[in-house]
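Notes for the one structure printed next.
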Amino acid sequence: MKLLHVAFTLILAFTISSVQAVALAKKPTDDTVCDLSTMTTYRLSQRTFVEARTRDENVIYARLALRFVAKECKNGQLLLLHSEDGIAFDEQYFRVVTAQLCSVSNVTRESASTQEYPHAFVMRCPISKLKEATAALAEMEKAKPTEAMIDEGAPMRSAQPNRREEEKKTCGDRMTWETVVLGWGGSCR
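As structure tokens, then:
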């Protein structure tokens, strides 16, 4: 029994300590890459919903990417981030992520254009600062959790005004000259 326990512990330790091939899109890859492509922003939003026009949206997405990398990747792996639309938003937060995880001089941005997505690009760099990035992420989360940023920064939605209530506010329940003399419904406003 004791031998079985030791064997199980060793197997578990080796399984946990070795980082396997990682792809956010759950596609086949090898253990040399930490692959957040294709469509990085879309795939991150499928894991954690962030409403459009949420305040500090680029900071939130940078944290979501850092969270994934901190949990799933290791130093030495090639980080891949992909923007299908080539928008400045992706460029902004990709730069934050790569600056946290990689040596800035090793970051490359390459065109990944297709007929459907002519402005697409890929940013890649070897991960070399995972420990520092994980610690920085923990500090950011401690100061203000990402979920709180999402909740507090979401755009305000107002309910559609009740038309009847609006009429009461503009006309009140008073009689007007048109209503009494001419029998009109009136248009008090």
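Residue numbers (my numbering): 45 to 233. Here a beta-carbon is modelled for each residue, glycine too, at the ideal position from N, C-alpha and C.
Tell me which residue opens and which closes the beta strand (DSSP E) that residue i is part of.
i	result
Leu124	Leu122 to Ser127
Thr84	Premise fails: Thr84 lies in the alpha helix (DSSP H), Thr84 to Arg91, not in any beta strand (DSSP E).
Val166	Phe165 to Pro170
Arg153	Thr152 to Ser155
Among the options, which one has its Cα closest to the Cα of residue i?
i	options	result
Tyr105	His163, Cys117, Leu80 and Lys118	Leu80
Met193	Asp100, Thr158, Asn119 and Arg139	Asp100
Cys78	Glu95, Ala114 and Thr85	Ala114
Glu191	Arg153, Met200 and Glu95	Glu95
Ala240	Asp75, Gln144 and Ala109	This structure gives no information on residue 240, because the portion of the chain shown stretches from 45 to 233.
Pro189	Thr73, Thr76, Asp75 and Val103	Val103
Thr85	Glu116, Thr73, Lys118 and Ser127	Ser127
Ser318	Lys118, Pro199, Thr82 and Asp75	Outside the modelled stretch of the chain, which goes from 45 to 233, sits residue 318, for which no answer is possible.
Val151	Gln159, Tyr161, Arg139 and Gly197	Arg139
Lys175	Asp75, Asp74 and Lys118	Lys118
Report yes if the C-beta distance between residue i and residue j is below 8 angstroms; otherwise report no.
i	j	result
His163	Asp129	yes
Leu68	Phe112	yes
Arg107	Met184	yes
Ala109	Val141	yes
Ser172	Ser147	yes
Could you tell me which residues DSSP puts in a beta bridge with residue i?
i	result
Asp195	DSSP lists no partner for Asp195.
Let's see if you can read the secondary structure: which residues bound the alpha helix (DSSP H) around residue i?
i	result
Val141	Ala132 to Leu145
Ala179	Leu174 to Ala187
Glu101	Glu101 to Glu116
**Message:** Could you check whether the segment 134-151 touches the segment 86-97, counting it as contact only if at least three pairs of C-beta atoms, one from each stretch, sit closer than 8 angstroms?
**Reply:** no
**Message:** For the segment 166-173 against the segment 114-124, do three or more pairs of beta-carbon atoms, one drawn from each stretch, fall closer than 8 angstroms, so that the two count as touching?
**Reply:** yes
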